[in-house]
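Notes follow the structure.
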Amino acid sequence: MASLSTAPPSSFSERTPVIAFDGAISTVTVPMTGRCFAFSVTFQLTHPKLVFLSSQKPPLHFHPFQEEYITVLEGRLAVEIDGRERILHPTDGEICIQPWTNHRLYPPPPHTGDTVTKFLLSGADTGETYKLDELFFENWYGYQDSVFVHGEQINIVQVMSMFDAGGSYLSFPWWIPCSRYVARLAGIVIGRWLGAVLGIQPYHQKWSSDWNLACNKMRGSFFQQRFAKDGKVH
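For the sequence shown, position 46 matches number 779 in the numbering used here, and the numbering has no gaps at all.
Written out as structure tokens, the structure reads:
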């Protein structure tokens, strides 16, 4: 379940933003004490690309090992948590999404006067090799750009490979017994093992600012270690 965190985000100074979807979304890495990653994310709500993306919600998913934190700074943000949609505002403070909770976040429903949503997205650290971090988000946004901006055909195995590398798994229907455990097992078997056999890797040099780190992570998997080639563009 999601819960409110009483600890406010620490002060931060922004770095150069990463622009995605032709300017519809910008993501800036910010320093935040005690977090594995922290981003300041801005949605340009009237941008045609974001209007199009708003018609299809992002994948429902969960993280087994990390708490994820959301703080709306400006405007409104839609968050679905275990099947219930909630519209967050700056007055809601920091929301903590607990591990194993099915969730997704997306632009809010249309509202007169809304043009921008800005929020902080961060996550707790974990000893796991594959986890939500800057490397995952760089590759996930890069892949989404290739699909939604450049017209590449989406590949569900590629999605599962990237999600597994980000310590994230696509949610299965609630009526499947032990659905979260089954979903995680499927993410590992299909995304990590089968994906690697098919030549699908979770990280790509063209999207990774720290390719050495990406290689080190992939070397931890017997199946993916063949992709860990320094200096080679994938």
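Idealized CB from N, CA, C, for every residue including glycine. Nothing here was measured: the structure is a model prediction, and the numbers come from that model.
In the three-state reduction of the DSSP assignment, S855 falls in the strand class, which pools E and B.
Residues of the same chain with a CB within less than 6 Å of the CB of A771, apart from the 5 flanking positions on each side, are V763, M765, S855 in chain order. Distances from the CA of L821 to each of D815, P840, N835, N872 were compared; the closest alpha carbon is that of P840. Here G899 really is in contact with L865; their C-beta atoms are around 5 Å apart, less than 8 Å.
Per DSSP, S894 is one residue of the alpha helix (DSSP H) stretching across 889-898. F772: member of the beta strand (DSSP E) spanning 770-777, first to last residue. Assignment of S879 by DSSP, reduced to helix, strand and coil, places it in the helix class. In the structure shown, F785 adopts helical secondary structure according to DSSP, grouped into three states. The beta-bridge partner set that DSSP reports for H822 is empty. Taking the C-beta atoms as reference points, D897 is found no nearer than 9 Å to C769.
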